[in-house]
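Quick note: the sequence shown uses the working numbering, first residue 121, plus one each step.
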Amino acid sequence: MPPGGGDMRRRTFCAGGLAALGAASIPFHHALAADSGADIPAVGLDGRELTLKSADIQDLRAGLRGELITVAHPDYESARRLWNPAFDRHPSLIVRCAGAADVRRAVSFSGARGLLTAVRAGGHSVSGQSGCDRGLVIDLSRMRAVEVDPVAKLARVEAGALLGELDREALAFGLATPVGTVADTGVAGLTLGGGVGRLARKFGLTCDNLVAAELVTADGKWRRASATENADLLWALRGGGGNFGVVTSFTFRLHEVTPVMYGGNLQFPITGGREMLRSLGDIIAAAPDELYVDVAMGTAPENVRWLAFNVCYCGPSGEAERVVGPLRKLGKPLKDTVAPTPYDQLRGSGDLRGLSPLGAYGKGGLVYGITPALVDIMVGATESAPSDGLMMWLQHQGGAISRVPPKASAYFNRGASHNVGVFDSWQMSAADVERRTEWVRHTWTQIEPLTRGQYVNLAATDDRETRVHAAYGDNYPRLAALKKRYDPNNLFRLNANIKPA
């Protein structure tokens, strides 16, 4: 997942409708062609040059309820931008879908031409795979409806919805499904990759709570996947990533939750971090499913090095202090916000408020205990990190996640205690970017031998193919066979890609 170099400031249109030209901008003839209604150059799945005929483009546009966005469109610059601007993608076409019919048309258009295709739902891909250069982007970001049935305890969620939108609607009925820890993450990507968050130890992964999905497969057909229809597809969608089609809606099981939970942050100086983390391992090994403790450590301005526990306890309020109290005794916190807190506030505590990075880069994998070797590497790397803004984490798993058999869904690595990540975001020059990303890579070379398996939502574009195999373990052959059945030409390849068998 190489960071973008040079000036990564977002480009804006000139008065004539052409993109401002620079080292990373699209070719001049491309802009002229789009503006004049002429043919548009593009690239195929195999990298070959393609020409998209003007008449075909107009036919595609005429059949859409949503919008077809080319370089000439006034929204092109905003529509092509990704959450991680290190990836400065310039697609030839963006289909901003209004519904499943638009998705079918876009998939059929791409499939018939072998056109490089990306799918954008929430657009929160750290690895930049929700965009592409000179291909077609299927943009689901306007499809954001969330419908809750409080009697059946189900939520039907369109693929462009964000986690915060799902949470707000469900919490209004005293219900929730386990989702991630950052509210502006897309429901689609999180679910298809697994979905770890504050309620997962109690209720399972997000994908474990997926009871049905509607999707368009590479042949342009609309399908429903459930326990009784295309059950093999439902199995694959529970952790198999975006390999099998474009999901247009998800139906989730909801659970009754208390509106106020016990949680917040405990922040400590990194001094004493080794001892605290070793003791933490003993505490959480005996913890009930209702307790979730994320570990984060990193750097801040003025050479501050910190260690923090993000806590959420969703069990009986009378037991909260007994369960959480031992965490406070690990050290003298600089900050302690752990208290009875509305869940919607806890849910937003992982949000990156006020940050507009020019890029981000990270690596991740799965570990099976907080071992002394892992602690030494992580604390040592935090102590020696070159500048502020660098971060590592241990995201708490186990509990209900581990009680689902590994072959019951595509998500295989059920026994992991944590997913471990090394992450950086930046707002500085290319030279500083390279120095910081090198710290991530170097730190990861030390941690990786201690990992077993991969969490695909943390996969980087420069991860080896073996890392994808590691994510799916013994499930990989079945997934590859399903890939061959539903996407034999690998149209949906911009993901943690499973090759057709």
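Quick reminder that beta carbons are idealized off the backbone N, C-alpha and C, glycines included.
No experiment lies behind these values; they were computed from the predicted model shown.
Going by DSSP, Tyr-412 is part of the beta strand (DSSP E) stretching over 411-420. For the region 316-388, the full-length beta strand (DSSP E) segments reaching 3 residues or more read 330-336, 342-346 and 366-373 along the chain. Counted as a single uninterrupted DSSP element, the alpha helix (DSSP H) harbouring Phe-229 occupies residues 220-233. Rounded to the nearest angstrom, the Cβ distance from Val-227 to Ala-338 is 7 Å, consistent with a contact under 8 Å. The alpha carbon of Arg-288 has as its nearest neighbour, out of Ala-616, Pro-379, Met-511 and Pro-161, the alpha carbon of Pro-379. Under the 10 Å beta carbon count, Pro-298 is surrounded by 16 or more other beta carbons and is classified as buried.
Val-540 and Asp-607 have their alpha carbons spaced roughly 31 Å apart. Proximity of the region 363-372 to the region 308-326 meets the contact definition, three or more beta-carbon pairs being nearer than 8 Å. With contact defined as three or more Cβ pairs closer than 8 Å, the region 386-402 and the region 343-350 are not in contact. Looking at the DSSP output, Trp-564 bridges to nothing. In the structure shown, Leu-236 falls within a coil segment according to DSSP collapsed to helix, strand and coil. Under DSSP, the beta-bridge partners assigned to Lys-483 are Val-542. Residue range 274-278 is occupied by the beta strand (DSSP E) that includes Arg-276, with no alpha helix (DSSP H) assigned at that position. Following the DSSP letters along the chain, one finds Arg-587 inside the alpha helix (DSSP H) bounded by residues 585-592. Distance between Glu-503 and Ile-390, taken at the CA atoms: about 7 Å. Beta bridge pairing from DSSP links Asn-430 with Asn-385 and Asp-414. Under the three-state reduction of DSSP output, Arg-572 falls in the coil class, being neither helix nor strand. The DSSP-derived three-state label of Gln-517 is coil. By the beta-carbon neighbour count (other beta carbons within 10 angstroms, threshold 16), Leu-599 is buried. Segment contact: the region 435-453 against the region 514-527, fewer than three CB-CB distances shorter than 8 Å; contact not assigned. In this structure, Arg-240 places its C-beta atom within 8 Å of the C-beta atom of Gly-251.
Looking at the backbone, the Cα of Ile-177 and that of Glu-187 are separated by about 12 Å. For the pair of segments examined, the region 308-324 was found not to touch the region 200-213: the number of CB pairs separated by less than 8 Å stays below three. Counting every other CB atom within 10 Å of its CB across the protein chains shown gives Arg-523 a total below 16, marking it as exposed. For Leu-291, no beta strand (DSSP E) encloses it; the enclosing alpha helix (DSSP H) starts and ends at 283-291. In summary, Arg-561 is exposed, with fewer than 16 beta-carbon neighbours lying within 10 Å of its beta-carbon over all protein chains present. Rounded to the nearest whole angstrom, the C-alpha separation of Gly-280 and Ala-238 is 14 Å.
Out of Arg-572, Asn-423 and Cys-432, the CA that lies nearest to the CA of Pro-408 is found in Cys-432. DSSP, reduced to helix, strand and coil, places Leu-614 outside both helices and strands of the structure shown, so it counts as coil.
Shortest Cα-Cα distance from Glu-267 to any of Ala-296, Arg-254 and Gly-242 involves Ala-296. Scanning its chain for C-beta atoms nearer than 6 Å, with the 5 sequence neighbours on each side dropped, one finds no residue around Ser-245.
Exclusion of the five residues before and after Pro-446 leaves Ile-403 as the residues of its chain whose Cβ lies within less than 7 Å of its Cβ. Boundaries of the beta strand (DSSP E) around Glu-169: 169-172. CA-CA distance, Asn-577 to Gly-309, rounds to 8 Å. The beta carbon of Thr-457 sits closer than 7 Å to those of Gly-384 and Asn-385, all from its chain and outside the five residues before and after it, given in chain order. Nearest Cα to Arg-209 within the set Leu-184, Gly-243, Val-443 and Lys-604: Gly-243.
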